[in-house]
Amino acid sequence: MKQFFNVRIFLLGIFILPLFSVAQTDTLLPSGKKPKYYVMETDTVPELMFRPDTIPSNKRKKKAPKKKKKVFYDLKCKKGFIRTISGASGNVTLEKFYYLKVWKDPNPYILDVYVWDITKNKIVKVTKIEADKQPQYRILHGPYTREVNGNLVETGAYYIGTKHARWETYDKNFILQAKTKYYKGWPKEAKIAYYDGGHTKLKEVMPYEYGKLQGDYYFFTEKGIVLMKGTYENGVKVGTWVEYFPDSPNRKRETKYTDDPDVAAEPIIAKEWNDKGKLIIIDGQPIPEGSKKQDEEDPIKKRLKKKR
């Protein structure tokens, strides 16, 4: 009987002891022996064992403040889009853009200003916004994208009517074709000179990309009138460069440079006018006094007369 009782105790110990584990510390009892601590193994962990940020709570979490929609560079905007279908090819072009909610005049020194003409429902580039045109124009401001048949072909951003940040163009396979960086209308790496120390009177804009002259060049009078403008490509003057009279919008001279920067060519004076608007040189050759060709006025002057 005693042996049977010992067997039962032994079997009971086999099933109960695994439920406990022994933990020892360096603390000694008065007798000099180390105490034994038993920790109950369980499938659940007391709530106090959770990290403070994971303790279940009935309290509602504070919602993060919502970001302001349609606000770019601290200016409120409205969203617009233009969808056009090409008659010949049937291509569908979709332009998505934003424009200023409240009118703000663009930088007067920037000659390429982009607006949404609501009468034509198209984005147009203008050099100056006349007062009578203002009601039909919306100043572009914020992100811009252009898609053709659902394929993204151009991305960029505007800042008060001027190109800003990074502009990229892609082909139909979304392969990058060109990338240009701007800062409020000027090339990102442009070197800019001023007449005054306060940097309010612009003098000259030298367009640079990756260390080379690339893009539109401008030279202004102290009054802010364009005196000369032209284009650089790969460090070379290309196309037609135009000079103006300092106190009027009339052209003084058009100089023709090479169209290909890799092909050297001597520049020639395509046209030159005197201060009275009479042609005195055409294709590098002087015009005889009294010739009918002398009556060919500067096209800018003609346009201004027509407006009046």
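Heads up: the sequence shown begins at 1 in full-length UniProt numbering, then just goes up one per residue. Backbone N, C-alpha and C fix where the C-beta goes; we use that ideal spot for every residue, glycine too. Small disclaimer: the values here were computed from a predicted structure and weren't measured.
Under the DSSP definition of a beta bridge, Y257 lacks any partner.
Between the C-alpha atoms of F245 and T221 there is a straight-line separation of about 10 Å.
V115 and S291 have their alpha carbons spaced roughly 42 Å apart. Straight-line measurement puts the Cα of Q285 at about 42 Å from the Cα of H164. When the Cα atoms are used, I160 and L100 turn out to be separated by approximately 8 Å.
Distance check between E204 and each of K184, I225 and Y210 places I225 closest, using alpha-carbon atoms only.
Separation of K201 and N91 (C-alpha to C-alpha, rounded to the nearest whole angstrom) is 45 Å. In this structure V242 touches E254 by the C-beta definition: roughly 6 Å separates them, less than 8 Å. For T169 against E189, the beta-carbon gap comes to about 19 Å, at or over 8 Å, which does not count as contact. Distance from the CA of Y217 to the CA of K62, rounded to the nearest whole angstrom, comes to 53 Å. Leaving aside the five residues that flank D171 on each side, the residues in its chain whose CB is nearer than 7 Å to its CB run, in chain order, Q177.
Cα atoms of G185 and I110: separation of roughly 6 Å, rounded to the nearest angstrom. D216 carries a strand assignment under DSSP once its states are collapsed to helix, strand and coil. When T162, F174 and A193 are compared, the shortest CA-CA separation from K181 is found for T162.
Between E147 and L94, the CB-CB gap stays under 8 Å. Within the stretch 168-255, complete alpha helix (DSSP H) segments of at least 4 residues are not found at all.
Using a 10 angstroms sphere on the CB of I139, the tally of other CB atoms reaches 16 or more, which defines it as buried.
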